[in-house]
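Let me begin by presenting the structure, written as C-alpha cells, before commenting on it.
Residue numbers (our numbering): 5 to 345.
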C-alpha cells in the first residue's frame with residue numbers, strides 16, 4: 005500500500021470513531037468489567053482524543069511533512085509491547101508503525117484486551133490490504149525491532165531480552181505542573197482534568213505541582229473539589245481512604261478536600277488519590293529542576309510564558325498531538341531508520 009492509502013484508512017477510522025458504534029460501546033462495557041479502572045467515560049475520552057488529535061487528515065499530513073517516507077515499502081516486523089495503565093495507551097505506537105509501512109507484532113496488555121483489536125478490525129474492513137500489517141500474538145518472536153512500554157521494573161527485563169535489537173524501551177514517567185499563584189479558577193479546574201483524568205494512572209497525568217513560596221492552596225483545593233465524584237469509584241475511594249489513614253497515623257502534614265490528598269514531597273511520582281507539591285522561589289529554579297530530572301518527566305503543564313521550557317496548557321496533558329512523542333523519543337525517525345541500526 006502507498007503512504008496515501010494508509011493515511012486514508014486512518015482518516016476513515018477517525019471519522020468512524022467520531023460517530024456512533026453500538027458494538028464499540030458493548031466492547032467498552034466488556035473492558036470495564038474486565039478492568040474496573042477502565043470506566044466507560046474514560047474509554048470514550050481515550051477514543052475521542054485519538055479521533056480528534058491523531059486521525060484527522062490535516063494533522064496526519066502536517067505531521068508527516070517532516071519525514072521522508074519512501075513510496076517503495078521495505079517492511080520490517082516491529083514488536084510492540086503494549087502498556088495497560090490507561091485505555092489504548094499504545095495506539096500511537098501502532099499508528100507510527102503502520103504509517104512507516106512496517107508490520108506490527110502486537111503483545112496486548114491483559115488490562116486492555118478489547119478495544120485495539122476492534123480498531124484494527126475496522127481498518128481491515130476499510131481496506132483488506134491492511135490485514136498483513138497487524139498481528140496480535142501471545143509472545144513476541146521473529147521481529148526486527150521492538151517498542152516496549154512498562155514499569156521501571158519491567159524495563160529491566162525488556163533491556164535484557166530486547167537489548168540486542170533496535171529498540172525503544174519506555175519506563176515510568178510523570179507529568180508535572182508549575183503554578184505562578186495567579187491562575188484563574190477556570191485554569192485550576194482544567195488542571196484538575198490533568199490530575200484526575202484516568203484516575204491519575206497515565207504517565208502524562210500531573211502527579212506533582214510546583215508552587216511559589218507562601219502559596220495559598222485554598223483556591224486550588226476548591227477547584228479540585230469539582231472532581232469529587234471520582235470518589236464514587238470504589239478502587240479510587242479505597243486508595244484515598246488508605247492514604248488518608250496512613251498519613252494520619254504517621255502524623256504527617258497534608259491537605260485534603262475529600263477527593264485528593266496534597267503532600268509536600270520531592271518525589272515526582274505520587275500515590276493514587278494523592279498529589280505532591282514543592283515550593284520554589286523563582287521559575288528558573290523549577291527549570292533547573294526539570295533539566296536535572298528530565299528522564300523522570302513526561303510533560304510539563306504551565307501558563308504560557310511562565311517557563312522557557314516547552315509546556316502544555318492546563319487541561320491538555322492527556323491530549324497529545326501526533327508529534328508529542330512519549331519520552332521525547334521520535335518514534336517515526338526510529339522506525340524509518342531501522343535498516344541503518
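No residue lacks a Cβ here, since even glycine has one placed at the ideal position from N, Cα and C.
Assigned secondary structure, residue 66 (DSSP; H/G/I helix, E/B strand, else coil): Residue state for residue 66 is assigned as helix, using DSSP reduced to three classes.
Exposed unless 16 or more other CB atoms sit within 10 angstroms - verdict on residue 271: exposed
Return the bridge partner residues of residue 139 from the DSSP annotation. For residue 139, which the question treats as bridged, DSSP gives the partners 109.
Cut-off 6 Å between Cβ atoms - residues of its own chain near residue 325, not counting five sequence neighbours on either side: Once the five neighbours on either side are set aside, the close Cβ partners of residue 325 are 57.
Report all residues from its chain with a CB closer than 7 Å to the CB of residue 345; omit the five preceding and five following residues, and keep chain order. Reliability of the predicted coordinates at residue 345 is poor, the pLDDT of 45 falling under 50, and no value is obtained from them.
Whole alpha helix (DSSP H) elements within the region 250-300, 4-residue minimum: 287-296
What residue from 86, 126, 137 has the CA that sits closest to residue 113's CA? 86
Simplified DSSP assignment, three categories, for residue 188: coil
Is residue 345 helix, strand or coil by DSSP? The pLDDT assigned to residue 345 is 45, lower than 50, so where the model puts this residue is not dependable, and the model offers no usable value.
From residue 279 to residue 235, what does the alpha carbon distance come to, in whole angstroms? 15 Å
Could you tell me which whole beta strand (DSSP E) segments of length 3 or greater appear in the region 202-229? As far as the region 202-229 is concerned, its whole beta strand (DSSP E) runs of at least 3 residues are 210-216.
What separation, rounded to the nearest whole angstrom, lies between the Cα atoms of residue 36 and residue 119? Spanning the two alpha carbons is a distance of roughly 11 Å.
9 Å Cβ cutoff met for residue 177 and residue 330: yes
Taking just the CA atoms, how far does residue 77 sit from residue 336? The straight-line gap from Cα to Cα measures roughly 15 Å.
What span of residues does the beta strand (DSSP E) with residue 54 cover, start to end? Segment 44-57 is the alpha helix (DSSP H) holding residue 54; no beta strand (DSSP E) there.
Going by the C-beta, is residue 124 closer than 8 Å to any heavy atom of the ligand PLP? Inclusion of the ligand PLP in the displayed structure is not the case, the ligand content being empty and no account of it being possible.
Proximal residues to residue 347 (C-beta, below 6 Å), its chain only, five neighbours per side dropped: This structure cannot speak to residue 347, because the chain is shown only from 5 to 345.
My guess is that residue 150 and residue 166 are in contact by the Cβ rule of under 8 Å, so how many angstroms apart are they, rounded? 4 Å
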